[in-house]
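Remarks on the structure that follows.
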Ligand SMILES: NC(=O)c1ccc[n+]([C@@H]2O[C@H](COP(=O)([O-])OP(=O)(O)OC[C@H]3O[C@@H](n4cnc5c(N)ncnc54)[C@H](OP(=O)(O)O)[C@@H]3O)[C@@H](O)[C@H]2O)c1
């Protein structure tokens, strides 16, 4: 099948492209960076260089495709950019996809959404995923869409490193022994590759997770991986976390969205719909991620 993969050679899109190529599909990967072209071609895919902000480019690239994997991405450092409205910039990309899908006539879409997309409010920065699903749901009924709702990615834990190094603590506005789900992009890529080969039929939602694990268990696993078994998780107030994020330079509105997203983790509000539609867990566990985490921690 002819498949368009957005998200360049990113965390999900690279392993997804590799898996689709190995299954014999004709894959075109969209990147905003001309320098990525040869790496994309080395995988056996075609490169389409352009941006998610360019509707004409998206429309032309989508034409003739059987399936599109559509995700919203903003460039690195976006959380610290004070000139960007993170939520609206992402919603605009979803609107661009909607127009390009309609104009190009593609009928089968896999959209990367997120945990929290079922919440209209109280989900912080995840609000854009709720809105993006709403935008795509306005497409005509003959367009089938599979909404993938992964939970929090293990790689978010990289942001724990500065306070681990400076204070021997993971510091967040949630914590404790309640388990919550986490996911590896590798497991997300596998699920998407699987969904690509299954029938498309109207609008479907699928949650994706790799392991359910508590903050205190995370501190233990990461601590052991970095040879620091005393590593602890400290829960601080919402206000203190907000101040910390603003102090390190995060866009204040984005920081508020971060804090609100974490508030929804407490009491499992964020996971209400996940637990009603609990998926089979993927195979990449926190202890696997912890190996990479430790390499990065020790700059290996
Ligand atoms: N982190 C979480 O816990 C979590 C949870 C649920 C859902 N999500 C969602 O997962 C997505 C991130 O997935 P990921 O980690 O696979 O992505 P990623 O690796 O962060 O980024 C994908 C790639 O997209 C390309 N890109 C960036 N801006 C672009 C633009 N304007 N136009 C065209 N290409 C652009 C970049 O590559 P080039 O430089 O080559 O263009 C980038 O490396 C986000 O939508 C996020 O909201 C995240």
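Residue numbers (our numbering): 54 to 353.
Note that CB positions come from ideal geometry on N, CA and C, so glycine has one too.
Locate the beta strand (DSSP E) running through residue 161, then write down its first and last residues. Indexing the chain shown from 1 puts residue 161 at position 108. Here the beta strand (DSSP E) through residue 161 covers 161-165.
Beta-carbon contacts of residue 305 that lie in its chain and below 7 Å, excluding the five residues immediately before and after: Translated into the one-based positions of the chain shown, residue 305 becomes position 252. Result list for residue 305: 299, in chain order.
What is the DSSP secondary structure of residue 84, counted as helix, strand or coil? Taking the chain shown and counting its residues from 1, the one referred to as residue 84 is at position 31. Residue 84: strand per DSSP, three-state reduction.
Give the secondary structure of residue 92 by DSSP, where H, G and I count as helix, E and B as strand, and everything else as coil. Taking the first residue of the chain shown as position 1, residue 92 is located at position 39. Reduced to three states, the DSSP call for residue 92 is helix.
Check whether the Cβ of residue 60 sits closer than 7 Å to any heavy atom of ligand 1, and report yes or no. In the chain shown, counting from the first residue as 1, residue 60 sits at position 7. Checking every heavy atom of ligand 1 against the Cβ of residue 60, one is found closer than 7 Å.
I'd like the list of long-range same chain contacts for residue 188, defined as Cβ closer than 6 Å, with 5 residues on each side in sequence excluded. Reading the chain shown from its first residue, position 135 is the one you call residue 188. So the qualifying residues of the chain are 147, 148 and 151.
Whether residue 164 touches residue 200 by CB criterion (8 Å): Taking the first residue of the chain shown as position 1, residue 164 is located at position 111. Taking the first residue of the chain shown as position 1, residue 200 is located at position 147. Yes. Within cutoff.
Cβ-heavy atom distance between residue 214 and ligand 1 below 7 Å? Residue mapping note: residue 214 aligns to position 161 of the chain shown, counting from 1. No, since every heavy atom of ligand 1 falls outside the 7 Å radius drawn around the Cβ of residue 214.
Could you tell me which of 242, 311 and 292 sits nearest to residue 71, measuring between CA atoms? To locate residue 71, count along the chain shown from 1; it is residue 18. Comparing Cα positions, the closest option is 242.
Taking the DSSP output, what are the residues bridged to residue 201? In the chain shown, residue 201 corresponds to position 148, counting from 1. Answer is 165 and 259, bridged to residue 201.
Decide yes or no for the touch test of the stretch 228-239 against the stretch 251-259: beta carbon pairs closer than 8 Å, at least 3 of them. no
Does DSSP put residue 341 in a helix, a strand or coil? Here residue 341 is taken as the residue at index 288 of the chain shown, counted from 1. In the structure shown, the three-state DSSP call for residue 341 is helix.
Taking contact to mean at least 3 C-beta pairs separated by less than 8 Å, is the stretch 275-287 in contact with the stretch 111-126? Contact fails: fewer than three Cβ-Cβ distances are below 8 Å.
Look up residue 222 in the DSSP assignment and give the residues it is bridged to. Here residue 222 refers to the residue found at position 169 when the chain shown is read from its first residue. Its beta-bridge partners are 285.
For residue 206 and residue 195, I'd like the C-alpha separation in whole angstroms. As a position in the chain shown, residue 206 is number 153, starting the count at 1. As a position in the chain shown, residue 195 is number 142, starting the count at 1. About 32 Å.
For residue 188, does the three-state DSSP call read helix, strand or coil? Here the question's residue 188 lines up with position 135 in the chain shown. Three-state DSSP puts residue 188 in a helix.
In the structure shown, what three-state DSSP assignment does residue 250 receive? To locate residue 250, count along the chain shown from 1; it is residue 197. Reduced to three states, the DSSP call for residue 250 is coil.
Would you decide whether residue 135 is buried or exposed? Buried here means 16 or more other CB atoms lie within 10 Å of its CB. As a working mapping, residue 135 is identified with position 82 in the chain shown. By the neighbour-count rule (16 or more Cβ atoms within 10 Å), residue 135 is not buried but exposed.
Relative to the C-alpha of residue 349, which residue among 213, 97, 183 and 289 is closest? Looking up residue 349 in the chain shown gives position 296. Per the Cα distances, 213.
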